[in-house]
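S.K.: Below are the structure tokens for one structure; questions will follow.
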Amino acid sequence: MTGKDKDYRYMATSDLLNELNKEGFKIDVHIEAKLSNIVIQQLDDAAGDVSGLAVKWFVLILIHYVVFVFI
Numbered sequence: 447m448t449g450k451d452k453d454y455r456y457m458a459t460s461d462l463l464n465e466l467n468k469e470g471f472k473i474d475v476h477i478e479a480k481l482s483n484i485v486i487q488q489l490d491d492a493a494g495d496v497s498g499l500a501v502k503w504f505v506l507i508l509i510h511y512v513v514f515v516f517i
């Protein structure tokens, strides 16, 4: 997700989104923190499609967090 090639960054983030969309997806708190830091960096990515996926990732992780905490 941090490679120089924008296509690799896009595909890695896209794959992460696909996993996050799967029912029953669970993420370790430590891994979530590491991924969040990487995705925060992608919000500033020169490739607009990569930063767009980063925004989608944050929306989904917030939804998962709210469901986990409040339900």
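When the sequence shown is numbered by the numbering used here, its final residue is 517 and no position is left out of the sequence of numbers. For each residue, glycine too, the CB sits at the ideal point set by N, CA and C.
Please classify Thr448 as buried or exposed, where buried requires at least 16 neighbouring CB atoms within 10 angstroms.
M.R.: The sequence position of residue 448 within the sequence shown is 2, counting from 1. Label assigned to Thr448: exposed.
S.K.: So, is the C-beta of Asp461 closer than 8 Å to a C-beta in chain C?
M.R.: The chain inventory of the structure shown lacks chain C, comprising one protein chain alone.
S.K.: Using the beta-carbon count (16 or more within 10 Å), is Val496 buried or exposed?
M.R.: The count along the sequence shown starts at 1 and reaches residue 496 at position 50. Per the 10 Å Cβ criterion, buried.
S.K.: Given a threshold of 16 other Cβ atoms within 10 Å of its Cβ, counted over all protein chains shown, does Ala500 qualify as buried or as exposed?
M.R.: Counting from one through the sequence shown, the residue named residue 500 turns up at place 54. Buried, by the Cβ-count rule.
S.K.: Which stretch, first to last residue, makes up the alpha helix (DSSP H) that contains Ile486?
M.R.: Residue 486 sits at position 40 when you count from the first residue of the sequence shown. Residues Val475 to Gln488.
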